[in-house]
Amino acid sequence: AIVHLLDLYRDTTLMKQIAEYKLKGSASGFSSGPGAYFKLTWLYDFVRITVVPVLAVISVPFCMWLALQGFDLSEIFQMVFTEPVIDFIGRDGSEIMRVSLRMLIVVVVLFFVFKYVSYAIKAIYRDARLAKMQKASGKKYIHTNEVNLTLANNLIGITVWGSYVIMLFWLFKIPTGAISTVAAGLAAGLGLAMKDILNNFICSIQLMSGRLRVGDWVECDDVRGQVTAISYQSTQIETIDGAVMSFLNANLFNKNFKNLTRNNAYEFLKIVINVEYGSDVEKVRNLVLEDLKQLQGKDKFGREIVEQKYGVVVVFDSFGDSSVNLAVKQYILVQERYTYEARAKEIIYNTLNANGITIPFPQSDVHIIQ
1 AIVHLLDLYR DTTLMKQIAE YKLKGSASGF SSGPGAYFKL TWLYDFVRIT VVPVLAVISV
61 PFCMWLALQG FDLSEIFQMV FTEPVIDFIG RDGSEIMRVS LRMLIVVVVL FFVFKYVSYA
121 IKAIYRDARL AKMQKASGKK YIHTNEVNLT LANNLIGITV WGSYVIMLFW LFKIPTGAIS
181 TVAAGLAAGL GLAMKDILNN FICSIQLMSG RLRVGDWVEC DDVRGQVTAI SYQSTQIETI
241 DGAVMSFLNA NLFNKNFKNL TRNNAYEFLK IVINVEYGSD VEKVRNLVLE DLKQLQGKDK
301 FGREIVEQKY GVVVVFDSFG DSSVNLAVKQ YILVQERYTY EARAKEIIYN TLNANGITIP
361 FPQSDVHIIQ
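The numbering of the sequence shown is the working numbering, which starts it at 1 and goes up by one.
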């Protein structure tokens with residue numbers, strides 16, 4: 001019933017508030033996914049993430065208590081939920097760990113509480129970072145690769161869930177001496193077995209600290225794509241053909257991969273034009289520059305597809321065996337590279353054909369001496 005009411009509230013009220021907030025506030029690459037509008041949804045999220053699951057867990061023993069109460073069997077309920085189902089006792093008779101069903105219910109309830117705490121801290125931190133960056137840069141749109149949130153989110157997760165584990169040790173009254181004994185016994189074996197895992201873990205921290213961000217476009221081993229996730233073991237990349245590839249962090253860290261969007265969103269593009277000897281180079285230059293103006297628009301985020309600082313230039317490149325080679329140089333948005341390049345080549349080809357400028361075939365002169 002509560003879930004149904006939450007859905008009604010979301011569809012009738014919350015979505016309208018979010019739509020109004022979008023109109024008033026600045027756009028952002030982080031305006032989708034969980035916690036995107038935490039300022040508006042924090043109470044809804046709390047009920048959905050914590051209150052509903054906790055009520056579901058508590059409802060089981062509560063219903064059993066009601067049923068047994070009706071038959072005056074409350075002592076059985078008390079015995080089932082308070083007596084330990086797991087009872088470890090040392091050789092000297094001391095208690096190592098006692099776990100009852102009541103304690104397990106408390107552990108599950110705390111899990112959902114800590115889950116919301118982790119979620120809320122990450123959302124608050126993200127909002128603060130985005131607001132600070134928008135104020136400092138004056139940009140209306142902040143892209144996902146412009147803010148490094150991966151490392152902070154992982155540190156928040158480790159801190160929150162580490163606190164949860166410590167609390168479990170306290171609840172179960174696990175003696176630290178037992179933990180030290182087990183840890184000492186497993187240290188050597190785990191150290192050897194987890195060498196590669198630890199190596200990937202250390203490399204992931206170094207990648208997250210600045211070399212790589214979620215949203216960056218990278219090129220590695222002739223694979224080009226966008227980083228969609230960075231975990232403690234691997235980095236996930238969605239390639240331009242829609243496939244998903246994963247690189248172990250240690251392998252990626254040791255390679256000379258290209259981060260195409262680390263410094264800016266543009267990359268250099270050079271298109272070579274071959275025209276026959278005797279062609280008017282200045283005429284070709286003017287025709288190409290004029291017709292390529294139709295590609296100088298904006299993307300869906302309002303960014304110029306062609307970097308206006310450098311524009312488009314046509315320069316003399318080289319003397320070929322069968323042609324004069326000109327080069328069309330420009331800086332293009334990384335995401336628009338392949339679309340722009342294909343359209344630009346088609347426009348150049350049609351322009352040369354329409355103006356009677358020949359693109360020569362490779363030619364060789366063969367002299368036969370008898």
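From the three backbone atoms N, C-alpha and C, an ideal C-beta is built for every residue, glycine too.
Quick caveat, the model's predicted, so the values are computed rather than measured.
Query: Cβ-Cβ distance between N325 and N274 below 7 Å; Result: yes
Query: Cβ-based neighbour list, N153, same chain, cut-off 6 Å, excluding 5 preceding and 5 following; Result: K122
Query: Alpha-carbon to alpha-carbon, F361 and D127; Result: 58 Å
Query: Euclidean distance between Cα positions of V244 and F257; Result: 17 Å
Query: Option in D291, A120, V147 and V306 with minimal Cα separation from G35; Result: A120
Query: The alpha helix (DSSP H) enclosing S137, as first and last residue numbers; Result: L101 to S137
Query: Limits of the alpha helix (DSSP H) - the one that M167 falls within; Result: T150 to F172
Query: Host beta strand (DSSP E) of R343 (start-end); Result: Premise fails: R343 lies in the alpha helix (DSSP H), R337 to A354, not in any beta strand (DSSP E).
Query: P84 and R102 closer than 7 Å at C-beta; Result: no
Query: When L207, M79, Q134 and L151 are compared against W65, the one with the closest alpha-carbon; Result: M79
Query: Through-space distance from Y340 to Q363, alpha-carbon basis; Result: 31 Å
Query: Nearest-angstrom Cα separation, counted from I158 out to T150; Result: 12 Å
Query: According to DSSP, residues forming a beta bridge with W65; Result: The partner list for W65 (beta bridge, DSSP) is empty, contrary to what the question assumes.
Query: Closest Cα partner of K283 within the set G356, D299, S318 and G297; Result: G356
Query: Of the listed residues F81, S163, I124 and A229, nearest to K39 (C-alpha basis); Result: I124
Query: Delimiting residues of the beta strand (DSSP E) encompassing E146; Result: Per DSSP, E146 belongs to no beta strand (DSSP E) and is neither H nor E.
Query: Exposure of T228, with buried meaning 16 or more beta-carbon neighbours within 10 Å; Result: exposed
Query: Among S118, F71, I305 and F301, nearest to L292 - alpha-carbon criterion; Result: I305
Query: Beta-carbon proximity list for Y232, same chain, < 6 Å, skipping 5 on both sides; Result: F201 and S204
Query: As assigned by DSSP and simplified to three states, the class of Q370; Result: coil
Query: Cβ neighbours of V312 in the same chain (closer than 7 Å, five flanking residues each side left out); Result: L289, L292, V306, V328 and Q330
Query: Beta-carbon proximity list for V54, same chain, < 7 Å, skipping 5 on both sides; Result: V109 and F112
Query: Helix, strand or coil at Q226 [DSSP, three-state]; Result: strand
Query: Residue ranges of each alpha helix (DSSP H) within the segment 243-272, 4 or longer; Result: 249-253
Query: Burial state of M15 (16 or more Cβ within 10 Å); Result: exposed
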